[in-house]
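Enquirer:
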Amino acid sequence: MKNLQHLNKYFYKYKWKLLIGLVITIAARIFGIYYIPLIGKSTVIIEQYINGEVTNVSVLKDELLYNILLIVGTTLISAFLTFLMRQTFIVVSRHIEYDLKNEVYRHYQDLSLNFYKKNRTGDLMNRISEDVSKVRLYLGPAIMYSVTTFTSTVVVLIFMIQAAPLLTLYTVIPLPILAFSIYKLSVAIHKRSTVVQQYLSKLNTFTQESFSGIAVIKSYGLEPQTNNNFTELSNGSRDKNIDLVKVQAFFFPLMILLIGISNIIVIYIGGRQIISGKIENIDVLVEFILYVNMLTWPVAAIGWVTSLVQQAEASQERINEFLSEKPEITNPKTEQDAINGSIEFKNVSFTYDDTNITALKNVSFKVEKGETLAVIGKTGSGKSTILELIGRLYDIDQGELLIDGRKIDTVNLESLRENIGYVPQDAFLFSDSIRNNIKFGKTDASEEEIITAAKNASVHKNIQGFSKGYDTVLGERGITLSGGQKQRVSIARAIIHDPEILLFDDCLSAVDTETEEEILNNLFEITKEKTTIIVSHRISSAKNADRIIILEDGLVVQEGSHEQLITTEGYYKELYAKQLNEKEM
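Heads up: the sequence shown begins at 206 in our numbering, then just goes up one per residue.
1) Compute the beta-carbon to beta-carbon distance between Ile544 and Ile608, rounded to the nearest angstrom, for a pair I have assumed lies under 8 Å.
2) Identify every run of the alpha helix (DSSP H) within the segment 296–379, keeping only runs that are complete inside it and at least 4 residues long; order them along the chain.
3) What's the call for Lys588, buried or exposed, on a 16-neighbour Cβ count within 10 Å?
4) Look at Thr373 and Arg234 and say whether their C-beta atoms are less than 8 Å apart.
5) Just confirm the distance between the C-beta atoms of Leu500 and Thr358, as a whole number of angstroms; I'd bet it's less than 8 Å.
6) Would you list the residues sitting across from Gly765 in a DSSP beta bridge?
7) Under 8 Å, do Ser391 and Gln515 count as touching if we go by C-beta distance?
8) Please state whether the Cβ-Cβ distance between Leu318 and Tyr599 is less than 8 Å.
9) Taking all protein chains shown into account, decide if Leu634 is buried (16 or more other Cβ within 10 angstroms of its Cβ) or exposed.
10) Does the beta-carbon of Ile363 have 16 or more other beta-carbons within 10 angstroms, so that it is buried, or is it exposed?
11) Thinking C-beta only, is Lys538 closer than 8 Å to Asn155?
12) Given a cut-off of 8 Å on the beta-carbon distance, is the pair Thr376 and Val489 in contact?
13) Tell me whether the segment 667–683 and the segment 702–711 touch, counting them as touching only if at least three CB pairs, one residue from each stretch, are closer than 8 Å.
14) Evaluate Pro379 with the Cβ neighbour count: other Cβ atoms within 10 Å of its Cβ, from every protein chain shown; 16 or more gives buried, anything less gives exposed.
15) When DSSP labels each residue in this structure, what does Ala662 get in the three-state scheme?
16) Under the three-state reduction of DSSP, which class applies to Gly604: helix, strand or coil?
17) Only counting the same chain, and skipping five residues up and downstream in sequence, which positions put a Cβ closer than 7 Å to that of Tyr313?
18) Locate the beta strand (DSSP E) running through Leu621, then write down its first and last residues.
19) For the alpha helix (DSSP H) containing Leu227, name the first residue and the last one.
20) Cα-Cα, which of Thr563, Lys571, Arg622 is closest to Gln541?
21) What are the boundary residues of the beta strand (DSSP E) that Phe555 is part of?
22) At the level of alpha carbons, what is the spacing between Thr615 and Ile753?
23) Quick check: what's the CA-CA separation for Ile295 versus Ser338?
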């Protein structure tokens, strides 16, 4: 139960509703059990009539009718209170489920990029969906039936003790055996539940990756192999679920067996006590049989509740595992900062934790507000890393990264990112309309601003060509669009935001040179007053920049303007000559 202690704050939040639910439950159980003494009294009346002790049939009928009306009335009241009890506990469990999902999601948002590189999407999805759902069953049904079981047991025992203390003692003899059995089964269920949830995460991860990469699977004809892998995982999950169900299957037969033993004890011991005169009326025996059978569901519910609690414990342990993760990137202060856009790298070095690859080595450069810097280099030279560090997706290892002369880790994180327009190399679009994908950069953007941004990104004509225009809903990750269209919509999303810093990570690689030239001309006007960094492998994207740096294996090996670099021996001149020849051909 240690892991479930995390939920105590939610119990405190809804304490008054839970307290009301507890009062309603106690009242429901009292009214629910009140009919048993009435049945006992009715049995005595009928016995007295049979023995000739009561001869007035009219009085007999009146008393029986009165008892029947009381039984019906108390049963209806109990039913109504039971309805209110369920409404109270189940509604509270839904509220807590909502709060817990929000807590997990907010924490996911706070965690750094490294976290997502180390964990799979399917597993993350499973913990916020399946695991939270398992926890909700503990928060609602498990707690509700625990309260019901406890109050029913207490109320029933009080009535039993009042009727026949010694017979009550014999009747509850099986309960210690029940408690020990539940403990042993609970341990087994907890272990198996953890394994089941782990397999479910693996299944979710596999299917999510398969659906995302379905084009690759089909292109390589890997459907049979993928099906075999899924079948293997699915069979493993099935076997683990069967192992869990086998243990759970012991609960209800065990409960029924112990209740049956209690009934035998009542009939045998109670019958002997009636014969010996220790119990005067047979109504006590009738009431005890009803009491014992009334305990059937509460006692049986112990097994079910225990199973739910153990599954919730296993799921909450998995949730806590992620909630205990600390964000590597934290906001240093709550006060907002004004961002002008000056950026300076001073001997910056950076190594990725997950791969242990040193992406940057003593990199130094400065970009003033209104200037454009182009970064050229081979694949893996560290170009994209520069942009990720400016957005503070990672923290540098050595050196200094300054924003407007201040160390980046002292600048308000929200202010920094709100003033950055970032277009990644792998353009990501949401499964939403094109309009909303562009508005993602500015949620209150007008239609005119959306169209202007699309025109500047040279994608307006393409959008108009769709049957629904800007209302066209994209597939997952923007699969409806071509690579070049996705990149241009991403550019429109960045520039509509009107930030002080614009970062373009090889975002024109999928467009033709004519469209590239058109976009660059538009961007030239837009970026005049902004700090702009363009990462590219094309000279055409870099030649108009105020300054160009060449990266090789994380080191700045060349720096200067386009005119300077094409006259200097090195990578830039070679790349320029190569691309010039390709263009002429």
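Glycine is no exception: its CB is placed at the ideal position from the N, C-alpha and C atoms.
Expert: Per the coordinate set shown:
1) The C-beta distance from Ile544 to Ile608 rounds to 7 Å, short enough to fall under 8 Å.
2) 318–323, 326–333, 335–342, 348–368, 370–376
3) buried
4) no
5) Between Thr358 and Leu500 the Cβ distance is about 7 Å, and since that is below 8 Å, they are a contact.
6) Ile753
7) yes
8) yes
9) buried
10) exposed
11) In the structure as shown, the chain begins at 206 and stops at 790. Residue 155 is therefore absent and cannot be evaluated.
12) no
13) no
14) buried
15) coil
16) Annotated three-state conformation of Gly604 is strand, per DSSP.
17) Around Tyr313: Leu329.
18) Where Leu621 is concerned, there is no enclosing beta strand (DSSP E), although the alpha helix (DSSP H) it sits in stretches over 618–623.
19) 220–238
20) Arg622
21) 548–556
22) 28 Å
23) Using only the alpha carbons, I get a separation of about 13 Å.
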